[in-house]
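Q: Sharing a structure below in structure tokens format, with a few things to ask.
Number of protein chains: 2
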Amino acid sequence: MGIKKKAIVLLSGGLDSAVTLYIAKKQGFNCHCLVFDYGQRHRKEIESAKKIVKKTGCSCKVLKINLPWGGSSLLGDKVPSTYVPGRNIIFLSFALSYAEAIAARAIFIGAHTQDYSGYPDCRPEFLKAFGAMAGKGTKAGVENSSIVIKAPLLYKRKSEIIKIGAKLNVPFNQTWSCYAGGEKPCGKCDSCYYRRKGFKEAGLIDKALC
Amino acid sequence: MGIKKKAIVLLSGGLDSAVTLYIAKKQGFNCHCLVFDYGQRHRKEIESAKKIVKKTGCSCKVLKINLPWGGSSLLGDKVPSTYVPGRNIIFLSFALSYAEAIAARAIFIGAHTQDYSGYPDCRPEFLKAFGAMAGKGTKAGVENSSIVIKAPLLYKRKSEIIKIGAKLNVPFNQTWSCYAGGEKPCGKCDSCYYRRKGFKEAGLIDKALC
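Quick note, the sequences are listed as chains A and B, same order. So the first sequence is numbered by numbering that gives the first Met the number 0: it starts at 0 and just counts up by one. So the second sequence is numbered by numbering that gives the first Met the number 0: it starts at 0 and just counts up by one.
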């Protein structure tokens, strides 16, 4: 493993980031996963992330972060939007710090434009701007060996992501997508809806629901 | 206070960020301070930050963050560099999230190029790139009312910063600059050296040492 190039992979426990991790591994990276415990209502995804990591044999750090200003239904308040202000910016910033510390030269994120086009921090122009900033604000950047932000799913539809994941044997049954915070997926939230639609379009069965 | 425009101010407890806070207040902002407890060896600066905030009557949040990959002498390990990978990037990212949540349109940071020209995340080109990224990755940015990063000390020498602070009645005796983590400033670390030199050049007495 020592001679492989290193990457930080942002892992949520959801389907997209799990597929992203498997893509990073397939590309030959020695993956260091970063999971965030930010008080999300759907805490099961953290357990899912740990299970997925265990299966891949990668290293994993779970970071507890506190966003005491709320502003999102993911955090359990009454705001209807699921947007957490600056969430991906904060996640990527920690990943950048981690990458610098262990001399990784790539950060993988499962962001994509298809389902959540309303999230400003999932847009291609944001990821590009973040990469440019990383090139200015890190030692790696200054030394002209910048840290690259990789979002291999950026322009993929959910059904395509599922097909790619199926080929790579991603353990979909261990991923968690539901926002509702129950014991089983609610089947009603946006995330459950897009997952079901994706599996249907891909012509595959979602074993997490079996 | 309610009608004043809001700003987030990154406060460390050091001299530079204290002067920055007083500049932001002078500019008419309703300031919301953000202090980070990241396990720094010089923990006295957190207490200093709280005292400074109390004096100004601004609001303040202390955020505990964990950087389990170290990489800096500020964090108490043996690496000689005082550079914490991505520290300002992480701090600014939290500030950005906070700004979005309370609809603040400015973030003040005490970064300057003079003393620490080696820190990549204190460079003007970094702050500019961060601002550009903020314009792409936030709701405010998407709505064309972007959040501005303000670094009023960026091109100032330490002695100039001290002169500005003196005019604004910044309580210098409550600021903390030393990196060593003792009860009193060590007088030997880089930060103590630049502070002493700055006061000398400004022709002022550092009451923190009286």
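Ideal placement from N, C-alpha and C gives every residue a C-beta, glycine not left out.
1) Output, in sequence order along the chain, the residues in the segment 51-68 of chain A whose CB is closer than 7 Å to any CB in chain B.
2) Would you mind reading off the limits of the alpha helix (DSSP H) that contains A201(B)?
3) Shorter than 7 Å from the beta carbon of D189(B) to some beta carbon of chain A?
4) What does I101(B) touch in chain A if you count any residue whose Cβ is under 8 Å from its own?
5) In chain order, what residues of the segment 165-190 of chain A put their CB closer than 7 Å to some CB of chain C?
6) Consult DSSP for L33(B) and reduce its assignment to one of helix, strand or coil.
7) Name the one or two DSSP bridge partners that I211(B) has.
8) Measure from the C-beta of G109(A) to each C-beta in chain B and report whether the shortest distance is under 7 Å.
9) Mind listing the chain A neighbours of Y97(B)? Cutoff is C-beta to C-beta under 7 Å, in chain order.
10) The alpha helix (DSSP H) spanning F129(A) covers which residue range?
11) Indicate whether L9(B) and F129(B) have their beta-carbon atoms separated by less than 7 Å.
12) Please state whether DSSP places S176(A) in a helix, a strand or coil.
13) Can you tell me which residues form a DSSP beta bridge with I106(B)?
14) R104(B) and T112(B) look like a contact to me (Cβ under 8 Å); what is the Cβ gap, rounded to whole Å?
15) Count the other CB atoms within 10 Å of the CB of G136(B); is the residue buried (16 or more) or exposed (fewer)?
16) Per DSSP, what kind of secondary structure is K60(A) in: helix, strand or coil?
17) Interface residues of chain B around I160(A) at Cβ under 8 Å?
18) Pop quiz: V18(B) and L152(B) are said to be a contact at Cβ under 8 Å. What is the actual Cβ separation, rounded to whole angstroms?
19) Going along chain B in order, which residues have a C-beta closer than 8 Å to the C-beta of A131(A)?
20) Count the other CB atoms within 10 Å of the CB of P84(A); is the residue buried (16 or more) or exposed (fewer)?
21) Taking the alpha carbon of G180(B) as the point to measure from, which residue in Y21(B), S145(B), E44(B) and Q26(B) has its own alpha carbon closest?
22) With contact counted as at least three CB pairs below 8 Å, one residue from each stretch, are the segment 173-191 of chain A and the segment 56-67 of chain B in contact?
23) State buried or exposed for G186(A), treating a residue as buried only when at least 16 other CB atoms are found within 10 Å of its CB.
24) Residues of chain A with CB closer than 8 Å to the CB of N87(B), please, in chain order.
25) Near K63(A), what residues of its chain come up, given a Cβ to Cβ distance below 7 Å and the 5 sequence neighbours on each side ignored?
26) Which residues in the same chain have their Cβ closer than 6 Å to the Cβ of G109(A), if we skip the five residues on either side of it in sequence?
27) To the nearest angstrom, how far is it from the Cα of F171(B) to the Cα of K24(A)?
28) Mapping the DSSP letters down to three states, classify F28(A) as helix, strand or coil.
29) Just to confirm the assignment, what range does the alpha helix (DSSP H) spanning L95(B) have?
30) Quick check: what's the CA-CA separation for K53(A) versus I101(A)?
31) Between A150(A) and E159(A), what straight-line distance do the alpha-carbon atoms span, to the nearest angstrom?
32) State buried or exposed for N168(B), treating a residue as buried only when at least 16 other CB atoms are found within 10 Å of its CB.
33) With a CB to CB cut of under 8 Å and the five nearest residues on each side skipped, what residues in its chain are close to F198(B)?
34) Tell me the rounded alpha-carbon separation between M132(A) and C32(A).
35) Verify the CB distance criterion: does S92(A) have a CB-CB separation below 7 Å to chain B?
A: Short version:
1) K60, L62, K63, I64, N65, L66, P67 and W68
2) Counting from one through the second sequence, the residue named residue 201(B) turns up at place 202. Taken as a continuous stretch (DSSP letters only), the alpha helix (DSSP H) holding A201(B) covers D189 to A201.
3) Walking along the second sequence from the start, residue 189(B) turns up at place 190. No, its Cβ sits nowhere closer than 7 Å to a Cβ of chain A.
4) Within the second sequence, numbered from 1, the residue matching residue 101(B) stands at position 102. Going along chain A in sequence order, the residues near I101(B) (Cβ under 8 Å) are W68.
5) Note that chain C does not occur in the displayed structure, where the protein chains are A and B.
6) Along the second sequence, read from residue 1 onward, the residue named residue 33(B) stands at position 34. Note: L33(B) maps to strand in three-state DSSP.
7) Here chain B has residues from 0 to 209 only, and residue 211(B) is not among them.
8) For the purposes of this step, residue 109(A) is taken as residue 110 along the first sequence, with counting starting at 1. No, its Cβ sits nowhere closer than 7 Å to a Cβ of chain B.
9) Counted from its first residue, the second sequence places residue 97(B) at position 98. Under the 7 Å cutoff, chain A gives W68.
10) Within the first sequence, the letter at position 130 stands for residue 129(A). Per DSSP, F129(A) belongs to the alpha helix (DSSP H) from P123 to G136.
11) Taking the second sequence and counting its residues from 1, the one referred to as residue 9(B) is at position 10. Taking the second sequence and counting its residues from 1, the one referred to as residue 129(B) is at position 130. No, Cβ-Cβ distance for L9(B) and F129(B) is not below 7 Å.
12) In the first sequence, residue 176(A) corresponds to position 177, counting from 1. Residue state, collapsed to three classes: coil.
13) Residue mapping note: residue 106(B) aligns to position 107 of the second sequence, counting from 1. DSSP, once it has assigned bridges, lists I7(B) and I148(B) as partnering I106(B).
14) Numbered from its first residue, the second sequence carries residue 104(B) at position 105. Numbered from its first residue, the second sequence carries residue 112(B) at position 113. About 25 Å; that fails the 8 Å criterion.
15) By one-based count along the second sequence, residue 136(B) stands at place 137. It is buried - the Cβ of G136(B) has at least 16 other Cβ atoms within 10 Å.
16) Locating residue 60(A) in the first sequence gives position 61, where the first residue counts as 1. K60(A) falls in the strand class under three-state DSSP.
17) For the purposes of this step, residue 160(A) is taken as the residue at position 161 of the first sequence. Simply none; closest approach about 22 Å.
18) Sequence index remark: in the second sequence, residue 18(B) carries index 19 (1-based). Sequence index remark: in the second sequence, residue 152(B) carries index 153 (1-based). Correct: roughly 7 Å between the Cβ atoms.
19) If you number the first sequence from 1, residue 131(A) lands on position 132. What A131(A) touches in chain B: A128, A131 and M132.
20) Walking along the first sequence from the start, residue 84(A) turns up at place 85. P84(A) comes out buried.
21) Position 181 of the second sequence, counted from the first residue, corresponds to residue 180(B). It is E44(B) whose Cα lies nearest to the Cα of G180(B).
22) no
23) As a first step, residue 186(A) is located in the first sequence; it is residue number 187 there, counting from the start. It is exposed - the Cβ of G186(A) has fewer than 16 other Cβ atoms within 10 Å.
24) By 1-based counting over the second sequence, the position of residue 87(B) is 88. Residues of chain A passing the Cβ test: G136.
25) As a first step, residue 63(A) is located in the first sequence; it is residue number 64 there, counting from the start. Correct list, in chain order: D36.
26) Counting from one through the first sequence, the residue named residue 109(A) turns up at place 110. The residues are D15, S16, T19 and L152.
27) As a first step, residue 171(B) must be located in the second sequence, where it is residue number 172. As a first step, residue 24(A) must be located in the first sequence, where it is residue number 25. If I take the Cα positions, the gap works out to 52 Å.
28) Counted from its first residue, the first sequence places residue 28(A) at position 29. DSSP places F28(A) in coil when its eight states are reduced to three.
29) By 1-based counting over the second sequence, the position of residue 95(B) is 96. Looking at the DSSP string, the run of the alpha helix (DSSP H) that includes L95(B) is R86 to I101.
30) Within the first sequence, numbered from 1, the residue matching residue 53(A) stands at position 54. Within the first sequence, numbered from 1, the residue matching residue 101(A) stands at position 102. Roughly 21 Å between the two C-alpha positions.
31) The residue given as residue 150(A) occupies position 151 in the first sequence. The residue given as residue 159(A) occupies position 160 in the first sequence. Cα-Cα distance, rounded: 14 Å.
32) On the second sequence, residue 168(B) is found 169 positions in, with the first residue counted as 1. Burial call: exposed.
33) Within the second sequence, the letter at position 199 stands for residue 198(B). Hits under 8 Å: S158, I161, I204 and D205.
34) The residue given as residue 132(A) occupies position 133 in the first sequence. The residue given as residue 32(A) occupies position 33 in the first sequence. Rounded to the nearest angstrom, the two C-alpha atoms are 22 Å apart.
35) The residue given as residue 92(A) occupies position 93 in the first sequence. Judged by the 7 Å Cβ criterion, S92(A) is in contact with chain B.
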